[in-house]
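Please read the structure below before turning to the comments.
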Amino acid sequence: GHKPEDINNVFETGEALPKGYEEQIRKYVTYYLDKGKSPAEIRKTLTKQGWSKEIIDMFLAR
Numbered sequence: 123g124h125k126p127e128d129i130n131n132v133f134e135t136g137e138a139l140p141k142g143y144e145e146q147i148r149k150y151v152t153y154y155l156d157k158g159k160s161p162a163e164i165r166k167t168l169t170k171q172g173w174s175k176e177i178i179d180m181f182l183a184r
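Heads up, the sequence shown is in my numbering, so the first residue is 123 and it goes up one at a time.
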């Protein structure tokens with residue numbers, strides 16, 4: 123896998139998130155929302171895992 127700082131760099135340079143990561147976080151967010159987790163709980167967990175707020179919010183807004 124890639125380091126969170128590498129992923130953040132992708133967004134800072136304006137490049138798209140690699141498809142594997144996009145699919146992974148989309149599935150994660152969808153799965154836990156369907157299980158009844160709140161967006162705040164999902165955001166907290168993903169932040170602890172090193173995802174940036176901007177990336178998390180992009181997927182929570184979908």
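Quick reminder that beta carbons are idealized off the backbone N, C-alpha and C, glycines included.
Secondary structure of Leu155 (DSSP, three-state): helix. Rounded to the nearest whole angstrom, the C-alpha separation of Gln171 and Val151 is 13 Å. Per DSSP, Pro140 is not a residue of any alpha helix (DSSP H), being assigned neither H nor E.
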